[in-house]
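Enquirer:
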Amino acid sequence: MSALLHVEGLTKRFGGLTAVKNVSFALEPGEITGILGPNGAGKTTLFNLLTGFMRPDRGTIGFDGVPLIGVAPHRIVNRGLARTFQLTRPFIGMTVVENVVVGCLAPRVRAEGHTEARARDMLDRVGLGAKANVMVDALSYGDLRRLEIARELVTRPKLLLLDEPFAGLGTSEIEPLAALIRELHKSEGLTILIIEHRLREFMQLVRRVIAMDFGEIIATGSPAEIVRHPRVIEAYIGRGGDDLEARLGVAPENARGIA
Amino acid sequence: MLAWGSLTKTDVIGAIVVIALLSVVPFVGSRYIVGIMTVALCYAIWASSWDFMSGLTGRENFGHSLFIGTGAYTAGFLNVSFGLSPWWGFPAAAIIAVLFSLIIGIPTLRLRGPYFALAMLSGAVVMQKLSIIFSETTGGQDGLNGLSPMLRSQVSAYYFTLVALVVTVIVLKFIALSPWGTILRAIRGDEATCQAAGINVNFYKISALMISAAFAGFGGALYANYQLQVGPDLFDVALSINIIIMVYVGGMGSIYGAVGGALLLIGLTEGLRSFSEYRLWVYTLILILILFFIPNGVIAPAWVRVREWIIGRSAAFTRRASA
Chain E
1 MSALLHVEGL TKRFGGLTAV KNVSFALEPG EITGILGPNG AGKTTLFNLL
51 TGFMRPDRGT IGFDGVPLIG VAPHRIVNRG LARTFQLTRP FIGMTVVENV
101 VVGCLAPRVR AEGHTEARAR DMLDRVGLGA KANVMVDALS YGDLRRLEIA
151 RELVTRPKLL LLDEPFAGLG TSEIEPLAAL IRELHKSEGL TILIIEHRLR
201 EFMQLVRRVI AMDFGEIIAT GSPAEIVRHP RVIEAYIGRG GDDLEARLGV
251 APENARGIA
Chain X
1 MLAWGSLTKT DVIGAIVVIA LLSVVPFVGS RYIVGIMTVA LCYAIWASSW
51 DFMSGLTGRE NFGHSLFIGT GAYTAGFLNV SFGLSPWWGF PAAAIIAVLF
101 SLIIGIPTLR LRGPYFALAM LSGAVVMQKL SIIFSETTGG QDGLNGLSPM
151 LRSQVSAYYF TLVALVVTVI VLKFIALSPW GTILRAIRGD EATCQAAGIN
201 VNFYKISALM ISAAFAGFGG ALYANYQLQV GPDLFDVALS INIIIMVYVG
251 GMGSIYGAVG GALLLIGLTE GLRSFSEYRL WVYTLILILI LFFIPNGVIA
301 PAWVRVREWI IGRSAAFTRR ASA
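Line order of the protein sequences matches chains E and X.
For the first sequence, this note's numbering begins at 1 and goes up steadily by one.
For the second sequence, this note's numbering begins at 1 and goes up steadily by one.
1. Is the CB of E/H197 under 9 Å away from at least one CB in chain X?
2. Buried or exposed: which applies to X/K173, given that a residue is buried once 16 or more other Cβ atoms fall within 10 Å of its Cβ?
3. Does the separation of the CB atoms of X/A75 and X/L147 fall below 9 Å?
4. Taking the Cβ atom as the reference point for each residue, do E/V23 and E/G42 lie within a distance shorter than 9 Å?
5. How about X/A213 and X/F100: are their beta carbons less than 9 Å apart?
6. Which of the residues in the region 70-87 of chain E, read from start to end, lie with their CB under 9 Å from any CB of chain X?
7. Measuring only between beta-carbons, confirm whether X/V352 sits less than 9 Å from chain E.
8. Nearest chain E C-beta to X/C42 closer than 9 Å, yes or no?
9. Return yes when the Cβ of X/T138 is within less than 9 Å of the Cβ of E/V101, no when it is not.
10. Is any beta-carbon of chain E found at less than 9 Å from that of X/A324?
11. Using a Cβ-Cβ cutoff of 8 Å, what residues of the region 176-196 of chain X are near chain B? List them in chain order.
12. Can you find a C-beta in chain X that's less than 9 Å from the C-beta of E/V66?
13. Taking 9 Å as the CB-CB limit, is E/G257 close to chain X?
14. Bridge partners of E/H6, per DSSP?
15. Report yes or no: do three or more beta-carbon pairs, one from the region 184-199 of chain X and one from the region 82-101 of chain E, lie closer than 8 Å?
16. What would DSSP say about E/A82, mapped onto helix, strand or coil?
17. Nearest-angstrom Cα distance between X/S64 and X/S254?
18. Going by other Cβ atoms of all chains shown within 10 Å of its Cβ, with 16 needed for buried, is E/R256 buried or exposed?
19. Does X/V237 get closer than 9 Å to chain E when you measure Cβ to Cβ?
20. Measuring CB atoms only, is the region 5-16 of chain E touching the region 54-74 of chain E, in the sense that at least three cross pairs come out at less than 8 Å?
21. From X/P107 to E/L49, what distance separates their C-alpha atoms?
22. Given E/T115, which residues of its chain have a CB within under 8 Å of its CB, disregarding the five upstream and five downstream residues?
23. Of all the beta strand (DSSP E) runs that stay within the bounds of the region 108-176 of chain E, which reach a length of 3 or more residues?
24. Assuming E/L4 and E/L27 form a contact by the criterion Cβ under 8 Å, report the distance between their Cβ atoms to the nearest whole angstrom.
25. For E/A224 versus E/L205, is the C-beta spacing smaller than 9 Å?
26. DSSP state of X/N242, grouped into three classes?
27. According to DSSP, which residues form a beta bridge with X/E270?
28. How should X/Q141 be labelled, buried or exposed, when 16 other C-beta atoms within 10 angstroms of its C-beta is the threshold for buried?
29. Measure how close the beta-carbons of X/L239 and X/I68 come, nearest whole angstrom, since I'm counting them as under 8 Å.
30. Can you tell me which of the three DSSP states E/V209 falls into?
31. Locate the alpha helix (DSSP H) running through E/G15, then write down its first and last residues.
32. Output yes or no for whether 9 Å exceeds the beta carbon distance between X/G71 and X/G220.
33. Residues of chain E with a CB under 7 Å from the CB of X/I199: which are they?
34. Considering Cα atoms alone, identify which of X/T57, X/I133 and X/G257 is closest to X/R185.
35. Please report how far the alpha carbon of X/Y223 lies from the alpha carbon of X/I96, in whole angstroms.
36. Closest to X/Y256 by CA distance: which of X/W281, X/N242, X/V298 and X/Y226 is it?
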């Protein structure tokens, strides 16, 4: 099967800092992949490059067999590559359903019509149906994450990029959101790429993890392999002197056999 | 969500009552009052066209007078210099104002930060200077005088302006309530999120500015044809600021609030004439109090409350009638 996303030699510099350095990887259709790395590893910059919000200095991005470099963000969404943001930024002053309607108005899906009905259906699917007419300002952080996923899903993506979807959520909110992501993956056959800086959230969710540090890919493998990888351990322990378990969110010995 | 979808029957009745009240002005008011009201209706067109772009998308335009002035001068030139009928001035004014909106909007609206607001402001200032410098064609400080009147009587000019305002508000409100308006309000919420939802934000921002400019230019031509005179004061920064204040007082993003704000502030200016030299002080004090204590504006929020009260009362009435 040919790769849905193919990234080759992607590099982005900000002045003297190389935020993303010679990154290459490929995603097969239907895969859930995680990108792991400490803060500042270049994960969000990588997302910004993939979604057209930033232009790489070098490298190529192929999506569905078409190059994506220099394509405007909204066009990339209309080709089927959607993303969420690390800090959710809803449309303040609008209702929950209006927030999702905006996604239904993207050119690729607008012709389908029934924008409001489709928005409400999607809200039901992500568990926000009862809050459709509430002003978005009143939503909890966990609900905002669901809203953001709903707004992206109505654009009918082939690949969904989730930027730290579990950040800022309580333990009780993480599992239901992970279950939702798993469910969407299964029912839609959606290819998903998730950023996290802690491995714990990944353990049940992803089969493959790409670990990054200082803008480079340092390891690729299953969560169990990643957690024992010397360069990953170095990346997490090497700074701040904290223990690995706290920083990764999981103890290496417990990771054995998972995934 | 669809056009008119969020407009209740009460809104339509409220609008009809306001139009009816404005229609009786020539029957009850003096010539002077009708004159003031005609100017107030022009301001209402300018304010609602400002609100359409800036109130909905949140990108504030500090030089709306650029569109008003170019529209007015276009109408003036066609009439005075080329001897064309005043009616040609309206479409021409709208087209020229739209051209100016493209010149400023295309390069600056795609940038974050204050560039658009500043470019609009300086565009208006530059055009005001140019209109004074090229005095041989523009008449300099005196402007263009002696436009031939479009309508003979003052009362018919008033009604023509009223119809123009009603059409302006209906068109702008119709777009604001359509999916277009939803996108413009989403742009106000967050541009990056809007892009992530697959929306071409630059296209929508520039189109909104073009529509805003078309109505402002049209309003400028209307004003020129009523005053029969066009001057560099129509490019004034003070005019732009006045319009912004009218929209703030009326309530941003509602379109009809801007109309209310314009009528309220013009009325206030006239009402304070008895204060003679203290007039500006009192006016400024009232404005500061409004903007400080009622930051969401007066007209639109007040109407929302009145509407709730009317709907509540009529529901109670229906219940009692059926019991």
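Every residue gets a Cβ at the ideal spot worked out from N, C-alpha and C, and that includes glycine.
All values reported here derive from a predicted model rather than from experimental measurement.
Expert: On the basis of the coordinates in this document:
1. Taking the first residue of the first sequence as position 1, residue 197 of chain E is located at position 197. For E/H197, not one C-beta of chain X is nearer than 9 Å to its own C-beta.
2. Here the question's residue 173 of chain X lines up with position 173 in the second sequence. Around the Cβ of X/K173, a 10 Å sphere holds 16 or more other Cβ atoms; the residue is buried.
3. By 1-based counting over the second sequence, the position of residue 75 of chain X is 75. By 1-based counting over the second sequence, the position of residue 147 of chain X is 147. Taking 9 Å as the Cβ cut-off, X/A75 and X/L147 qualify as a contacting pair.
4. Along the first sequence, one-based indexing puts residue 23 of chain E at 23. Along the first sequence, one-based indexing puts residue 42 of chain E at 42. For the 9 Å CB-CB criterion, E/V23 and E/G42 form a contact.
5. Taking the first residue of the second sequence as position 1, residue 213 of chain X is located at position 213. Taking the first residue of the second sequence as position 1, residue 100 of chain X is located at position 100. Yes. Within cutoff.
6. For the region 70-87 of chain E, the set of positions with a beta-carbon nearer than 9 Å to some beta-carbon of chain X reads A72, P73, H74, R75, I76, V77, N78, A82, R83, T84 and F85 in chain order.
7. Nothing can be reported for residue 352 of chain X: it is not among the residues displayed for chain X, which extend from 1 to 323.
8. For this step, residue 42 of chain X is matched to residue 42 along the second sequence. So, not an interface residue.
9. Taking the first sequence and counting its residues from 1, the one referred to as residue 101 of chain E is at position 101. Taking the second sequence and counting its residues from 1, the one referred to as residue 138 of chain X is at position 138. Their beta carbons are not under 9 Å apart, which means E/V101 does not touch X/T138 by this criterion.
10. Since the first residue shown for chain X is 1 and the last is 323, residue 324 of chain X is missing from the structure and cannot be characterised.
11. Here the protein chains are E and X, and chain B is not one of them.
12. Working through the first sequence from its first residue, we reach residue 66 of chain E at position 66. Chain X has no Cβ within less than 9 Å of the Cβ of E/V66.
13. Position 257 of the first sequence, counting from 1, holds the residue named residue 257 of chain E. In this prediction, E/G257 has a pLDDT of 38, which is less than 50 and means its spatial position is unreliable; nothing more can be read from the coordinates.
14. What you label residue 6 of chain E is simply residue 6 of the first sequence in a count that begins at 1. E/A26 and E/G62.
15. Enough Cβ pairs lie closer than 8 Å, so yes.
16. Along the first sequence, read from residue 1 onward, the residue named residue 82 of chain E stands at position 82. In the three-state reduction of the DSSP assignment, E/A82 falls in the strand class.
17. For this step, residue 64 of chain X is matched to residue 64 along the second sequence. For this step, residue 254 of chain X is matched to residue 254 along the second sequence. With the sequence shown as reference, residue 64 of chain X is identified as His, and Ser is not the correct amino acid for it. Cα-Cα distance, rounded: 18 Å.
18. By 1-based counting over the first sequence, the position of residue 256 of chain E is 256. Note that E/R256 has pLDDT 42, beneath the 50 cutoff, so the model's placement of it is unreliable and no number is given.
19. Here residue 237 of chain X is taken as the residue at index 237 of the second sequence, counted from 1. No, no contact with chain E.
20. They touch, by the three-pair rule.
21. Counting from one through the second sequence, the residue named residue 107 of chain X turns up at place 107. Counting from one through the first sequence, the residue named residue 49 of chain E turns up at place 49. Straight-line Cα distance between these residues: approximately 24 Å.
22. Start at 1 with the first residue of the first sequence, and residue 115 of chain E comes out as number 115. Within the same chain, Cβ atoms closer than 8 Å to the Cβ of E/T115 are found at V101, C104 and L105, the five residues on either side in sequence being excluded.
23. Correct list: 159-163.
24. Start at 1 with the first residue of the first sequence, and residue 4 of chain E comes out as number 4. Start at 1 with the first residue of the first sequence, and residue 27 of chain E comes out as number 27. The pair is a contact, with the Cβ atoms about 5 Å apart (cut-off 8 Å).
25. Here residue 224 of chain E refers to the residue found at position 224 of the first sequence. Here residue 205 of chain E refers to the residue found at position 205 of the first sequence. No, the Cβ-Cβ distance between E/A224 and E/L205 is not below 9 Å.
26. For the purposes of this step, residue 242 of chain X is identified with residue 242 of the second sequence, where counting begins at 1. The answer is helix: DSSP assigns X/N242 an H, G or I state.
27. Here the question's residue 270 of chain X lines up with position 270 in the second sequence. For X/E270, DSSP records no beta bridge to any residue.
28. Against the second sequence, residue 141 of chain X aligns to sequence position 141. Here X/Q141 is exposed. Its C-beta has fewer than 16 other C-beta atoms within 10 Å.
29. Taking the first residue of the second sequence as 1, we reach residue 239 of chain X at position 239. Taking the first residue of the second sequence as 1, we reach residue 68 of chain X at position 68. Rounded to whole angstroms, the Cβ separation of X/L239 and X/I68 is 7 Å, and the two are in contact under 8 Å.
30. Numbered from 1 along the first sequence, position 209 holds the residue referred to as residue 209 of chain E. Of the three classes helix, strand and coil, the one that applies to E/V209 here is strand, per DSSP.
31. Counted from its first residue, the first sequence places residue 15 of chain E at position 15. For E/G15, there is no enclosing alpha helix (DSSP H), since its DSSP letter is neither H nor E.
32. The count along the second sequence starts at 1 and reaches residue 71 of chain X at position 71. The count along the second sequence starts at 1 and reaches residue 220 of chain X at position 220. It is a contact, given that the beta carbons lie within the stated cut-off.
33. As a working mapping, residue 199 of chain X is identified with position 199 in the second sequence. Residues of chain E passing the Cβ test: H74, V102, L105 and A106.
34. Taking the second sequence and counting its residues from 1, the one referred to as residue 185 of chain X is at position 185. Closest option to X/R185, Cα to Cα, is X/T57.
35. To locate residue 223 of chain X, count along the second sequence from 1; it is residue 223. To locate residue 96 of chain X, count along the second sequence from 1; it is residue 96. Within the model, the alpha-carbon separation for X/Y223 versus X/I96 is close to 16 Å.
36. By 1-based counting over the second sequence, the position of residue 256 of chain X is 256. Across the set X/W281, X/N242, X/V298 and X/Y226, the C-alpha of X/V298 shows the shortest separation from the C-alpha of X/Y256.
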